[in-house]
Amino acid sequence: MTNVVNARRKSFFRRLLDDMRLNWILYVLILPVFVYYIIFAYAPMYGIQLAFKDYRIKLGIMGSPWVGLEHFERFFSAYNFRQLLLNTLGISVYSLIAGFPIPIIFALMLNYLISNKLRKVVQMVSYAPYFISTVVICGMLTIFLDPNSGIFNTFRGFLGMEPVNALAKPEWFKSIYVWSGVWQGMGWSSIIYISALSGVDPQTHEAAIIDGATKVQRMIHVDLPAIKPTVVMLLILQMGSLMNVGFEKVYLLKNTLNQSASAIISTYTYEVGLINSDYGYSTAVGLFNSAINVILLVGANWFCKRVADESLF
Numbered sequence: 001m002t003n004v005v006n007a008r009r010k011s012f013f014r015r016l017l018d019d020m021r022l023n024w025i026l027y028v029l030i031l032p033v034f035v036y037y038i039i040f041a042y043a044p045m046y047g048i049q050l051a052f053k054d055y056r057i058k059l060g061i062m063g064s065p066w067v068g069l070e071h072f073e074r075f076f077s078a079y080n081f082r083q084l085l086l087n088t089l090g091i092s093v094y095s096l097i098a099g100f101p102i103p104i105i106f107a108l109m110l111n112y113l114i115s116n117k118l119r120k121v122v123q124m125v126s127y128a129p130y131f132i133s134t135v136v137i138c139g140m141l142t143i144f145l146d147p148n149s150g151i152f153n154t155f156r157g158f159l160g161m162e163p164v165n166a167l168a169k170p171e172w173f174k175s176i177y178v179w180s181g182v183w184q185g186m187g188w189s190s191i192i193y194i195s196a197l198s199g200v201d202p203q204t205h206e207a208a209i210i211d212g213a214t215k216v217q218r219m220i221h222v223d224l225p226a227i228k229p230t231v232v233m234l235l236i237l238q239m240g241s242l243m244n245v246g247f248e249k250v251y252l253l254k255n256t257l258n259q260s261a262s263a264i265i266s267t268y269t270y271e272v273g274l275i276n277s278d279y280g281y282s283t284a285v286g287l288f289n290s291a292i293n294v295i296l297l298v299g300a301n302w303f304c305k306r307v308a309d310e311s312l313f
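Our numbering puts the first residue of the sequence shown at 1, with every later residue one more than the last.
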């Protein structure tokens, strides 16, 4: 049995070496990406053990004393644990509900524009916000929502309404975060759906038109079934990153007045880790966040496999 396994290993490595000699240019092209993931994705996993240790810089990672699940117990018993979890889930679920279907609808509508020039202009305009940095987006929001001179309150004044400091209202924070994100990412997120729609057989549309189907009916019965695998895959991937709320944007928009809505796990990890230098505790919080994402990913994959017969694995 051992000889068979060794023979298979040798055969695999021999085939790999032969393939590398034959297609060495392709391997050179993927080498930077491979090195990047090794350095910045896999090597940092070595630090996961910080979540189970009382990390001290002088002693290093290996020399720091083992504390087991103490950091996790501390986080679960923290006074703001429930608030952090609910805020993170609230923003994440809101973003998924609002932000996931809109790029699909946008791609479907764009696909039915008759004028190619107009389609290209709309695509270019919708893609542009994606390339604006988070800092600039937050600066724009601060200016637009300024209670004294912002365009939002100026418009409210024209309607005879009192000015409001939107960024100071906790109940408005989630909507500001989510809908600014939808505006910024709608065009970019629609690219993959537009690409999938280009693969729909034109004869199917011709047959639907002959049968008297309207554009809406063609969208529902022709286009959506064609892009269903793409939609399901992206939904599973988004579910797997549901707890990863954008740290930079929340941190730049938060203040003492909206703290009750803007306190999320990622900003809390930053504060206790980099500001308070409690590296072990912050690692435990981050590990908890990642564990929830893995559970959501596996659960979403199982659900989609049962319901839509599509899955990642």
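Note that the Cβ used here is the ideal one computed from N, Cα and C, for glycine as well.
Judged by pairs of C-beta atoms under 8 Å, the segment 236-248 touches the segment 77-93, as three or more such pairs exist. Just measuring C-alpha positions, the residue of M186, K53, D223 and G160 sitting nearest P202 is D223. Taking C-beta separations shorter than 7 Å and ignoring five residues to either side along the sequence, the partners of A107 in its chain run S190, Y193, I194 and L197, following chain order. F173 and A98 have their alpha carbons spaced roughly 15 Å apart. No residue range can be given for R56, since it is assigned to no alpha helix (DSSP H) and is classified by DSSP as neither H nor E. Taking a cut-off of 8 Å for Cβ pairs, the segment 206-225 and the segment 122-130 do not touch, as fewer than three such pairs fall below it. Per the coordinates, the alpha-carbon of S64 lies some 14 Å from the alpha-carbon of T283. Its chain contains P147 as the residues whose beta carbon lies nearer than 7 Å to that of N165, once the 5 sequence neighbours on both sides are disregarded; these appear in chain order. Beta-bridge pairing by DSSP links W66 to K53.
In terms of CA proximity to I61, Y46 leads the group K117, Y46, N23 and I38. By the neighbour-count criterion, in which a residue is buried when 16 or more other Cβ atoms sit within 10 angstroms of its Cβ, G187 is buried. Nearest to L297 by C-alpha distance, out of L31, M233 and V307, is M233. Within the model, the alpha-carbon separation for M109 versus F158 is close to 33 Å. Cβ-Cβ distances below 6 Å link V178 to Y94, S95 and A98 in the same chain, with the five nearest sequence neighbours on each side left out; the list follows chain order.
With 16 or more other CB atoms across the displayed protein chains lying within 10 angstroms of its CB, F52 is buried. When DSSP states are grouped into helix, strand and coil, N116 belongs to the helix group.
Nearest Cα to N87 within the set I151, A263, P44 and L17: A263. If you look at N301, you'll find it in the alpha helix (DSSP H) that goes Y279 to V307.
Counting the other CB atoms within 10 Å of its CB gives K117 a total below 16, which places it among the exposed residues. Per DSSP, reduced to three states, the secondary structure at L257 is coil, with no helix or strand assignment. When only Cα atoms are considered, Y281 and F76 end up about 11 Å apart. Taking 8 Å as the cut-off, the beta carbon of F155 is found no closer than this to the beta carbon of F144. Assignment of D18 by DSSP, reduced to helix, strand and coil, places it in the helix class. In the structure shown, the three-state DSSP call for Y42 is helix.
Judged by beta-carbon spacing, I236 lies within the 8 Å limit of N301, meaning their Cβ atoms are closer than that value.
Rounded to the nearest angstrom, the Cβ distance from F303 to F72 is 27 Å, too far for a contact under 8 Å.
Excluding its 5 nearest sequence neighbours in each direction, V122 has C-beta neighbours in its own chain below 8 Å: L110 and L113, listed in chain order.
Linking I209 to G199 through their CA atoms gives a straight-line distance of about 18 Å. For A226, the enclosing alpha helix (DSSP H) starts and ends at L224 to G240. Separation of E171 and V35 (C-alpha to C-alpha, rounded to the nearest whole angstrom) is 44 Å.
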